[in-house]
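Residue numbers (this note's numbering): 893 to 1305. Cβ atoms here follow ideal geometry from the backbone N, Cα and C, with glycine treated the same way. Model, not experiment: these values are computed from the prediction.
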Ligand code: ZN
C-alpha cells in the first residue's frame, strides 16, 4: 500500500520537525541530506529504523521535543542488553487512548461494559493502554493487572465483568480455571481482547469453548505507542489498523523491498503524528500481510492479517517466502497429526532445485503413508510446493523448554 496524500504531508511534517531537533534521527536525517517527503520516491529513500537504533540512543536520545513537553515514558523489556525508552507527549498519550478506544468500539465494547484488565501496569505499555482506552470510551475499567487468579475470578463474578483483556496464555489459564471450578454460570464475560502474539487456533478454540465468548486480536508494540494501533473485527478476517496515525508497509525482510498487498513479509511502521519519539519506517520483525480489499464488516480502515510469526522464522523456497505457520496450518488440517514438526530445507544437487522436507508426528491409529501423501497434496494445492513428508509417532521429535528451532536450512552447506 502506497502513502496517500494526507499521509505524505504528515511524513513531510515529521521529517521537518525531526531535522530541526537534536534527536538521534534528526541528526541522522540531516547527515543523510533528507529534508522533505513530497512523494513515494522521497519516502523510499528514508532508511529503516530499528530497535538497535533505540538501544544505541538510550536513554532519551530519540526524544524529539523539549523536556517540558514529555509527560511519560514507557520501556520495552530488555531481554537482550539495554532496554528501550520511549518518551510520550500529552498528545501522544491522548492519541494512543483515542486509537485504543477505537479498538474497543471495533470489538463492540460500549459504555455499559465492565472491562477486566489483566496485562501488567508500569513501564510496560500494556495495562495502562487498555485502561486509558477503556476510560476514553467510557466503559468501566477493572484494573487488575496480572496474576492472583483467585482474586481475578472473585472480581469477575462479583463485578460481573463483561470484557476480559489478557494475553492468550493468561486467557487460556483463566478459562481452564473457570471450567475446573465449575463457575461458568457465574461468569458474565462476552468478549475477550487478546494481545496479539502468534497463538494457535487450538488455543483460541479452547478459550472460546470454555468461556463462550468472542475473541479479538489487538495489535501494537511499545516502540509505536503500545497495543491499540489495530484490532480484529467481527468478520474475523484480519486486524483493522488506524492509518490516520500509522502508515504500514510490508517488506521482504531479506531484500528490504516493499512487497505488493496480499503478499507476506515484515511489518514496517511509520508514525504519522507522534511527537515525543516519532519513528519512520520502523522494522517490527513481525510477519504478516496487508489484506487487499474492503472488509465485510463495513469498516474502511485497511487490514493486516493476524501475526504470522517473527521474520527470523521465515524461509524462502523456490524464491517464495514462507512461514512455519503456513506449514502448521496444513498439518492442523490432517486427521491424527500433532502440532510438533521439523522443516529441513535442502538442495537437489542434480537439478539445483530447493527441496522441502517436513517431518510431522501422527497418532498410531492413522496410516503414516497415506497421512504423508495427504500433507504433500495439501502443501501442493495451498502453498504451491510439493514437500517430501515423513511421519513419526507422536513424541518422537525432541521437545525443548526454550523456543524449539523447527526450521533447518542445509542449502548453503
Ligand atoms: Zn472488519
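Any contact between the region 954-965 and the region 976-986? By contact I mean 3 or more CB pairs, one from each, below 8 Å.
The region 954-965 is in contact with the region 976-986.
Mind listing, in chain order, the continuous beta strand (DSSP E) runs of no fewer than 3 residues lying wholly within the region 1072-1096?
Runs of the beta strand (DSSP E) lying entirely within the region 1072-1096 and spanning at least 3 residues, in chain order: 1083-1087.
Simplified DSSP assignment, three categories, for residue 1190
coil
beta-carbon residue 1018 near ligand 1 non-hydrogen atom, thresh 7 Å:
In this structure, the C-beta of residue 1018 stays at least 7 Å away from each heavy atom of ligand 1.
Can you tell me which of the three DSSP states residue 1247 falls into?
strand
Candidates 1243, 1252, 1200, 1242: closest to residue 1225 by CA position:
If we check each option's Cα against that of residue 1225, 1252 comes out closest.
Among the candidates 1117, 926, 900, whose CA atom is the shortest distance from the CA of residue 911?
926
Segment contact, 8 Å Cβ cut-off, at least three pairs: the region 1269-1284 with the region 1212-1229:
yes
When you compare each of 901, 1201, 943 to residue 934 by their alpha carbons, which one comes out closest?
901
Are residue 1228 and residue 1263 close, meaning C-beta to C-beta below 8 Å?
yes
Whole angstroms are fine: how far does the CA of residue 964 sit from the CA of residue 1008?
24 Å
Would residue 1126 and residue 1057 be called neighbours here (beta carbons separated by less than 8 Å)?
No, they are not a contact pair.
Using a 10 Å radius around the Cβ and a threshold of 16 neighbouring Cβ atoms, would you call residue 1194 buried or exposed?
It is buried - the Cβ of residue 1194 has at least 16 other Cβ atoms within 10 Å.
Taking three-plus beta-carbon pairs below 8 Å as touching, is the region 987-1002 in contact with the region 1032-1050?
no
If we require 4 or more residues per run, which alpha helix (DSSP H) segments fall completely within the region 1158-1234?
1216-1223
Straight-line gap, residue 1172 to residue 1149 (C-alpha atoms, nearest Å):
Roughly 16 Å between the two C-alpha positions.
For residue 962, the three-state DSSP class (helix, strand or coil)
If DSSP states are grouped into helix, strand and coil, residue 962 belongs with the strands.
May I ask which residues mark the beginning and end of the alpha helix (DSSP H) holding residue 1015?
First-last for residue 1015: undefined, no H or E at that position.
Residues around ligand 1, please: the condition is that the C-beta lies closer than 6 Å to some non-hydrogen atom of it.
Counting every residue whose Cβ lies closer than 6 Å to a heavy atom of ligand 1, we get 1125, 1127, 1132, 1187, 1189, 1191.
Given a cut-off of 8 Å, decide if residue 983 and residue 1167 are closer than it, judged by their beta-carbon atoms.
Yes, the Cβ-Cβ distance between residue 1167 and residue 983 is below 8 Å.
Whole angstroms are fine: how far does the CA of residue 1141 sit from the CA of residue 920?
22 Å
Counted within 10 angstroms of its Cβ, other Cβ atoms place residue 1101 as buried (16 or more) or exposed:
exposed
Measure the alpha-carbon distance for residue 1147 versus residue 1181 and round it to whole angstroms.
16 Å
Report the residue from 1111, 1210, 1120 whose alpha carbon sits nearest the alpha carbon of residue 1197.
Minimum Cα distance to residue 1197 is reached at 1111.
Name the DSSP beta bridge partners of residue 1122, please?
1111, 1133
Cut-off 6 Å between Cβ atoms - residues of its own chain near residue 1301, not counting five sequence neighbours on either side
1237
Taking the DSSP output, what are the residues bridged to residue 978?
966
DSSP three-state assignment for residue 1294, whether helix, strand or coil
Legend: pLDDT at residue 1294 = 45, less than 50; position of this residue unreliable, value from coordinates given subsequently. In the structure shown, residue 1294 sits in coil (DSSP, three-state: anything other than H, G, I, E or B).
With H, G and I counted as helix, E and B as strand and the rest as coil, what does DSSP make of residue 1150?
Secondary structure of residue 1150 (DSSP, three-state): strand.
Taking the straight line between their C-alpha atoms, what separation do you get for residue 1249 and residue 1233?
10 Å
Which listed residue (1176, 1284, 1075) has its alpha carbon closest to that of residue 941
1176
Do residue 1143 and residue 1122 count as a contact pair if the criterion is CB distance below 8 Å?
no
DSSP three-state call for residue 1257: helix, strand or coil?
coil
Cβ shell of residue 1103 (< 6 Å), same chain only, five flanking positions each side left out:
1067, 1081
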